[in-house]
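Heads up: the sequence shown begins at -7 in the numbering used here, then just goes up one per residue.
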Amino acid sequence: MDSLSTKPKPVSVISAIMRSRRMRAVFFLVGCLLFSYVLLVRISSPSLDLDAEDRLMDESSSPLSGGANKEDPYTALEKRIQNLIDTNHVMVFSKSYCPYSAAAKRLLGSYTSDFKVLEVDLESKAGEIKTILTKITKGHSTFPSIFFDGESIGGQDNLLALDTKHDLKPRLESLGVAMVQ
């Protein structure tokens, strides 16, 4: 009569979990997510960067990477940003959707077309660029970030203040940029 007992047989926890359809589905989904993550990390394309002439290039061909003697990518990016600031009389770090950036570019464009713009939000390393600019400008962390001959003048408010005091045009002329007629 022992075989007719209604008392359930003891079942291990793992066996109980594996009998549950919900738990099997959860394990399957977690496995798929982990597989997808590993696959994306391994197959991810190399990040694109700009050289001194603002041409797209991958990090392995960057003249700043030093070939076999690889340097820290953050340091290379910092050097590239500093190079853009140093080699352009008027350098504007902007965001393509920012109304203050657009106003600053319009104001500069009313005096000269001889200025360089880097749209930071369109760069693959926008966050790092913002951190580097904040460090270079000693705390100015908003956009646009405008430089005249390597010196940070601030943002759109500072540029507008120069124009209001009628100091913008003489300052641009003293930099030697080609002025709009």
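The beta carbon of each residue, even a glycine, is placed where N, CA and C say it ideally should be.
None of these values were measured; they are calculated from a predicted model.
Is the beta carbon of residue i sitting closer than 8 Å to the one on residue j?
| i | j | result |
| --- | --- | --- |
| threonine 123 | histidine 132 | no |
| aspartate 113 | lysine 87 | yes |
| lysine 108 | leucine 76 | yes |
| aspartate 78 | glycine 142 | yes |
| leucine 110 | aspartate 155 | no |
| isoleucine 138 | leucine 152 | no |
| tyrosine 15 | isoleucine 6 | The residue asked about is misnamed: residue 15 is methionine in this sequence, not tyrosine. Their beta carbons are not under 8 Å apart, which means methionine 15 does not touch isoleucine 6 by this criterion. |
Helix or strand or just coil, what does DSSP make of residue i?
| i | result |
| --- | --- |
| phenylalanine 140 | strand |
| glycine 147 | coil |
| glutamate 120 | helix |
| threonine 104 | strand |
| phenylalanine 85 | strand |
| glutamate 111 | strand |
Whole angstroms are fine: how far does the CA of residue j sit from the CA of residue i?
| i | j | result |
| --- | --- | --- |
| leucine 160 | leucine 69 | 30 Å |
| arginine 47 | lysine 157 | Any reading at arginine 47 must be qualified, since the residue scores a pLDDT of 49, below 50, and its modelled position is unreliable; the value itself is stated next. C-alpha separation (whole angstroms): 37 Å. |
| serine 166 | cysteine 90 | 28 Å |
| threonine -2 | tyrosine 29 | 47 Å |
| arginine 11 | isoleucine 73 | 58 Å |
| glycine 23 | glycine 147 | 48 Å |
| phenylalanine 140 | methionine 83 | 7 Å |
| serine 102 | threonine 67 | 35 Å |
| glycine 129 | isoleucine 145 | Strictly speaking, residue 129 in this sequence is threonine, with glycine absent from that position. Cα to Cα, the separation comes out at about 9 Å. |
| proline 0 | glycine 119 | 60 Å |
Give the C-beta separation of residue i and residue j to the nearest angstrom, bearing in mind that I take them to be a contact with Cβ-Cβ under 8 Å.
| i | j | result |
| --- | --- | --- |
| phenylalanine 135 | serine 93 | 5 Å |
Classify residue i as buried or exposed, calling it buried when 16 or more other Cβ atoms lie within 10 Å of its own Cβ.
| i | result |
| --- | --- |
| serine 39 | Here serine 39 scores only 44 on pLDDT, less than 50, and its place in the model should not be relied on; the value that follows carries that caveat. Burial call: exposed. |
| leucine 164 | buried |
| phenylalanine 27 | exposed |
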